[in-house]
Amino acid sequence: MKVISTEIDIASCSKLLVNSRAGALAGFEGWVRNHNDGHNVLQLEYEVYNPIAESEGDKIIQEAKTQYDILDAYCVHRSGLLEIGDCAVWVGVSAAHRNEAFDACRYIINNIKTRLPIWKKEYYQNGDSGWVNCERCAAEK
Numbered sequence: 041m042k043v044i045s046t047e048i049d050i051a052s053c054s055k056l057l058v059n060s061r062a063g064a065l066a067g068f069e070g071w072v073r074n075h076n077d078g079h080n081v082l083q084l085e086y087e088v089y090n091p092i093a094e095s096e097g098d099k100i101i102q103e104a105k106t107q108y109d110i111l112d113a114y115c116v117h118r119s120g121l122l123e124i125g126d127c128a129v130w131v132g133v134s135a136a137h138r139n140e141a142f143d144a145c146r147y148i149i150n151n152i153k154t155r156l157p158i159w160k161k162e163y164y165q166n167g168d169s170g171w172v173n174c175e176r177c178a179a180e181k
């Protein structure tokens with residue numbers, strides 16, 4: 041698990057998971073969208089406490105490796121100011137079969153969203169801004 045302040049290089053991240061035993065790579069890209077809860081969103085800002093975020097992220101990946109029959113997994117999350125359309129988080133999982141890859145990928149992203157010290161601030165078209173969380177993520181775990 042890495043936290044970075046620059047653009048996520050999805051192709052390079054995917055290459056980290058290449059394995060001759062893998063028949064599947066399941067990936068998730070979380071993008072900055074232009075709306076949330078009835079607000080027109082202009083930008084997002086992520087504040088991250090890196091030492092705990094990366095350590096806890098590594099624990100989540102290890103949990104996924106224990107609970108699912110996967111070969112490897114990797115996650116990158118952005119910090120700082122992001123624009124509409126930017127990739128904010130990427131998760132990839134390689135496995136011999138697709139079902140395990142999909143299940144582990146979902147496990148990782150749902151736990152990343154609920155357990156890591158990452159705070160999201162949205163900037164709205166009307167000039168307001170606000171810190172938001174992901175209640176739906178907790179329900180999906």
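Each step along the sequence shown adds one to the number in the working numbering, with nothing skipped, and position 13 is 53. Where is the CB? At the ideal position from N, CA and C, for every residue including glycine. Since the structure is predicted, the reported quantities are computational estimates derived from the model, not experimental observations.
Buried versus exposed call for residue i [16 or more other C-beta atoms within 10 Å across all chains shown]
| i | result |
| --- | --- |
| Leu-57 | buried |
| Leu-156 | buried |
| Asp-168 | exposed |
| Ser-134 | buried |
| Asp-112 | buried |
| Asn-59 | exposed |
Reduced DSSP secondary structure (H/G/I, E/B, other) of residue i
| i | result |
| --- | --- |
| Arg-155 | helix |
| Glu-182 | In this structure the chain extends from 41 to 181, so residue 182 is not present and cannot be described. |
| Tyr-147 | helix |
| Ile-100 | helix |
For residue i: DSSP bridge partner residues
| i | result |
| --- | --- |
| Phe-68 | Val-131 |
| His-79 | Asn-76 |
| Val-172 | Lys-160 |
| Arg-118 | Ile-44 |
Contacts around residue i, its chain only, beta-carbon distance under 7 Å, and the 5 residues preceding and following it disregarded
| i | result |
| --- | --- |
| Val-72 | Leu-84, Leu-122, Glu-123, Ile-124, Gly-125, Asp-126, Ala-128 |
| His-75 | Val-81 |
Selected residue, minimal CA-CA separation from residue i, among the options
| i | options | result |
| --- | --- | --- |
| Ala-51 | Asn-80, Val-43, Gly-67 | Gly-67 |
| Lys-105 | Ala-144, Ser-95, Glu-96 | Ala-144 |
| Val-116 | Glu-103, Lys-153, Gly-63 | Lys-153 |
| Trp-171 | Ile-148, Tyr-86, Ser-54 | Tyr-86 |
Same chain, Cβ closer than 6 Å to residue i, five either side skipped, listed in chain order
| i | result |
| --- | --- |
| Gly-70 | Ala-128, Val-129 |
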